[in-house]
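Participant: Numbered according to full-length UniProt numbering, the sequence shown spans residues 1 to 183.
Next up is a structure, given as structure tokens.
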Amino acid sequence: MNLAGQSGSRRGLSLEAVHWHLTREDTQRAAVSTRAGAVLSANALVVAGTALAFSLKGTRPLSLWVFGPAFCALVLVGGSVVCATQALVMLRSSERRFSQPRTAASTLYSLSRISREWPTFDEFRAAVVDQSIEQQLRGALDELWRHSHLHHFRYRKLRQGTWLLLLAIGMLLITVVSAALSY
């Protein structure tokens, strides 16, 4: 397929196909953010459960059998929150992750960088209007490549946060059982 969408000697994705992939990636990013929010909410429930287990002691001294697993659960929750937050939002500029600078065509796909690259509307309009189809395709492919790397990072952090959450839930269960048996 060539850039105009007609059969010919040109191979590769059309600009429309790359735009479809960028849109798809955007929905995947939203899904990762939603899941990261769910992990953060579940972590809050683990903290609440740990506090509830501590409240079972009444006026008795805190048992080491309750404190140990509860402390581990809270440390795991802390790690899970850090990972889920990294999956939710990039804490630093993502430009550091890439050795190649953005082209003017790829900057067009980064809403946070447009105002830094082109401070006035006239500069922005001139840069966008002058782009050829080839430049637009190159910019879209560059952005798709960047998004795929960022998605990999975010999804890895989401998985790490989820595993830490599962371990924290396990430690919470041990804490609750220990509290029930100790008090």
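For each residue, glycine too, the CB sits at the ideal point set by N, CA and C.
When the Cα atoms are used, what is the spatial distance from residue 168 to residue 27?
Facilitator: Counting only the Cα atoms, residue 27 lies some 29 Å from residue 168.
Participant: Assuming residue 165 and residue 43 make a contact with CB atoms under 8 Å, what is their CB distance in whole Å?
Facilitator: 6 Å
Participant: If we ignore side chains and look at the alpha-carbon of each, how far apart do residue 161 and residue 72 end up?
Facilitator: 15 Å
Participant: Considering only residues of the UniProt domain "Pycsar effector protein" (32-178), which uninterrupted alpha helix (DSSP H) runs meet the minimum length of 4 residues and lie entirely inside it, listed in chain order?
Facilitator: Unbroken alpha helix (DSSP H) runs of no fewer than 4 residues, entirely contained in the UniProt domain "Pycsar effector protein" (32-178), are found at 64-88, 104-107, 111-117, 121-129, following chain order.
Participant: Are residue 144 and residue 21 closer than 8 Å when you measure CB to CB?
Facilitator: yes
Participant: Would you call the stretch 60-80 and the stretch 111-121 touching, i.e. three or more CB-CB distances under 8 Å?
Facilitator: no
Participant: Would residue 183 pass as a contact of residue 56 if the rule is Cβ separation under 8 Å?
Facilitator: yes
Participant: Determine the contact status of residue 154 and residue 32, defining contact as a CB-CB distance below 8 Å.
Facilitator: yes
Participant: Rounding to the nearest angstrom, what Cα-Cα distance links residue 157 and residue 39 in this structure?
Facilitator: 11 Å
Participant: Taking only three categories from DSSP, how would you classify residue 11?
Facilitator: coil
Participant: Have a look at 67, 139, 30 and flag the residue whose alpha-carbon is nearest the alpha-carbon of residue 15.
Facilitator: 139
Participant: Quick check on residue 181: does DSSP put it in helix, strand or coil?
Facilitator: Three-state result, residue 181: helix.
Participant: Around the C-beta of residue 89, are 16 or more other C-beta atoms found within 10 angstroms, so that it is buried, or is it exposed?
Facilitator: exposed
Participant: Tell me whether residue 80 is buried or exposed, calling it buried when 16 or more other Cβ atoms sit within 10 Å of its Cβ.
Facilitator: buried
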